[in-house]
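Below you'll find the structure, written out as C-alpha cells, and then a few comments.
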Amino acid sequence: MKIKTFILLGWGVLLFSNFTYQGQDSEALSLKEAFKNDFAIGTALNSWQIEERNPAVNELIIQNFNVATPENVMKSALLHPKWDTYDFRMGDKLVEYGNKHHIKINGHTLIWHSQLPAFIRQIQSKDSIRTFFTDHIKTVAGHYKGQVFSWDVVNEALNEDGTLRNSVFLQKLGEDYITEAFRLAQEATPNTELYYNDYNNEQPAKRAGCINLVKKIKNAGVRIDGVGIQGHWHLGKVPLKDIEESILQYSALGVKVMITELDIEVLPRNFQGADVNQRLANTSESNPYTNGLPDTVQQQLANDYEALFKLLLKHKDKVSRVTFWGVTDADSWLNNWPIRGRTNYPLLFDRNNQPKPAYFKVIGLKQ
Ligand code: G3I
C-alpha cells in the first residue's frame, strides 16, 4: 500500500490498524532507501541490538539504516578497562554486524571526558595521561583500521561559550590535545574519515568555538573530515535557523556536516543539551506520559521532524549523514536522563517497533 494512503488515512487510524512493517515488496518502507540519494541514515546501536537479540528490532535496523554508531561499546571505559588491557569483543561484534548487514560503522569515540576507564582517576602525572592518550588512540584506531568507516575522534570538548572544556585532557595536555588526537588518529588509520562531534554546537557561541577548532586543526596540517552536530533537541524548539547557519558555516570550512545523535525530547526539562553530568529531581510532573503520548504532542513531534528533514534535504549537498540516537523509544537514553525511569518518545519508532506519525512525515517528504 502506498505511503501516501497511510498518511491520508491519518495517523490516528494507524494506531488502531493492523499495520505491519514487514512484507512490503517493491514499495517497502525504508528510511535508507528513501534518502539514498540525499544522505546516509544512521542509528546508535546498543549491545542487545549488536547481538541481534530482538528479531523485530533487528528487522527495523536492517531495513532502515545504512550506517551505525555504537551507543556505548567503543567508549574508552569499555574498550580499555585496565591500563594495559583492551577488550575489543563487543566492538568486533559490531564490525561483524555491519559487514553482515551492509551497515557502515562510525566509531564513537576515541577521546571523551566521560565514560573514561576507572583507572584514569588514579593517574595524576601529565606523562601518564599523555601515555594513556597516545596508546589509546593508536591501539584502538589501529585495531579498527579498515574496519570502521569513520571515527568521532574527539567528543564534546567545548563549553557552551565556545571555550575549551576543563577536562582531564585539557588540564594535563594543554589546548593542543585536540589537534594531537586527530594527528594520532590519522597516523593510525589513514583512510578513515575523522570527525569532531558535540552537542549544542549549532548555537552561535559554541559554533564559533567549533569553527576555531576546525581551523586550528587544519592550520596545523592535520586532517579533519567532518563536524557532527549531535542534535539532542526539544519539542517545539528545534533551532532550525541555527542549524541552517551551522550547516553553511561548517561546510564553508571544507568539512562534511552530519547530524549524529538525533532525538527530540518531549518531556519537561528546563535546559538544552546532553551534558551527562546534569541531573534533575524526579517530581510528580516530570513523567507525564506513562500511559501514552497525547495526540497533540504526537503531532507536534511529527511536525518538528518534518520541518527538520525539510531543512536537511535543502542542504543535502552539504549534509552527509543523519543518525538517530537509538532505534525505538524503548531503548532511548532519554528514558533515563536527566531523570531515571521516565517514559520518553523521542524517536521515529514506538515501543512496539511500529513507525510513528513522525516516521510517515519524514518519509513522506520523499514521496
Ligand atoms: O552497563 C552498565 C550496567 O552494567 C549497569 O548495571 C547499569 C546501571 O546503571 O549501567 C550500565 O551502564 C550504563 C550505560 O549507559 C549502558 O547502558 C551507564 O550507567 C549509563 O550512564 C550509560 O549511558 C550512556 C551515556 O552516553 C553515558 O555517558 C547512554 O547509554 C548513551 O546513550 C550516552 O550517549 C552519549 C554519547 O555517547 C555522546 N553524546 C551524548 C549522548 C547522550 O548522553
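Oh and the sequence shown: position 105 is 127 in my numbering, straight run, nothing missing. For glycine and all other residues, C-beta sits at the position ideal for the given N, C-alpha and C.
Please confirm whether any heavy atom of the ligand NAP lies closer than 7 Å to the CB of residue i.
i: Ser136; result: Among the ligands in the structure shown, the ligand NAP does not appear; only the ligand G3I can be found there.
I'd like to confirm the pairing. Which residues does DSSP put opposite residue i in its beta bridges?
i: Asp106; result: DSSP lists no partner for Asp106.
i: Asp285; result: His254
i: Leu216; result: Trp173
i: Val344; result: Ile63 and Ile281
i: Gly276; result: Answer by DSSP bridge pairing: none, since Gly276 is not bridged.
Can you name, in chain order, every residue of its own chain whose Cβ lies under 8 Å from the Cβ of residue i, other than the five neighbours on each side?
i: Leu180; result: Leu186, Arg187, Asp220, Asn223, Lys228, Gly231, Cys232 and Leu235
i: Ala329; result: Val260 and Leu262
i: Gly164; result: Ala210 and Thr211
So, are the CB atoms of residue i and residue j less than 8 Å apart?
i: Ala210; j: Val175; result: no
i: Ala296; j: Ala380; result: no
i: Phe155; j: Lys126; result: no
i: Arg364; j: Asn309; result: yes
i: Val79; j: Val319; result: no
i: Arg152; j: Leu195; result: yes
i: Trp105; j: Phe141; result: yes
i: Tyr217; j: Val249; result: yes
i: Asn88; j: Lys115; result: no
Excluding the 5 residues preceding and the 5 following residue i in the sequence, name in chain order all residues of the same chain whose CB lies nearer than 6 Å to its CB.
i: Gln376; result: none
i: Leu302; result: Pro360 and Ile361
i: Asn177; result: Thr131, Trp134 and Asn219
i: Phe57; result: Ile63
i: Lys167; result: Thr211
Within the same chain, show all residues whose beta-carbon is closer than 7 Å to that of residue i, passing over the 5 residues directly before and after it, in chain order.
i: Asn392; result: Since the displayed the chain opens at 23 and closes at 389, residue 392 lies outside it and no answer follows.
i: Gln300; result: Phe293 and Pro360
Measuring CA to CA, which of the options is closest to residue i?
i: Gly243; options: Gly253, Glu202, Asn76 and Tyr217; result: Glu202
i: Pro103; options: Leu138, Glu81 and Val79; result: Leu138
i: Asp247; options: Asp264, Ser268, Gly276 and Lys122; result: Gly276
i: Thr345; options: Glu73, Gln71, Ala90 and Thr107; result: Ala90
i: Val288; options: Asn59, Leu270, Pro316 and Thr305; result: Pro316
i: Leu192; options: Gln225, Ile159, Lys58 and Ile133; result: Ile133
i: Lys237; options: Ala274, Leu51 and Glu266; result: Ala274
i: Asp395; options: Gly129, Lys336 and Leu369; result: With the chain covering 23 to 389 only, the question about residue 395 has no answer from this structure.
i: Asp285; options: His123, Ile63, Leu356 and Lys122; result: Leu356
i: Tyr108; options: Thr161, Gln71, Leu82 and Lys148; result: Thr161
i: Tyr311; options: Phe371, Pro290, Phe331 and Ser147; result: Pro290
i: Phe331; options: Phe371, Ile281 and Gly120; result: Ile281
i: Phe204; options: Trp173, Trp255, Met112 and Arg343; result: Trp173
i: His123; options: Gly129, Asn366 and Glu73; result: Glu73
Can you confirm whether residue i, when its beta carbon is compared against all beta carbons of chain B, has any partner nearer than 8 Å?
i: His130; result: Here chain B cannot be found, since the structure has a single protein chain.
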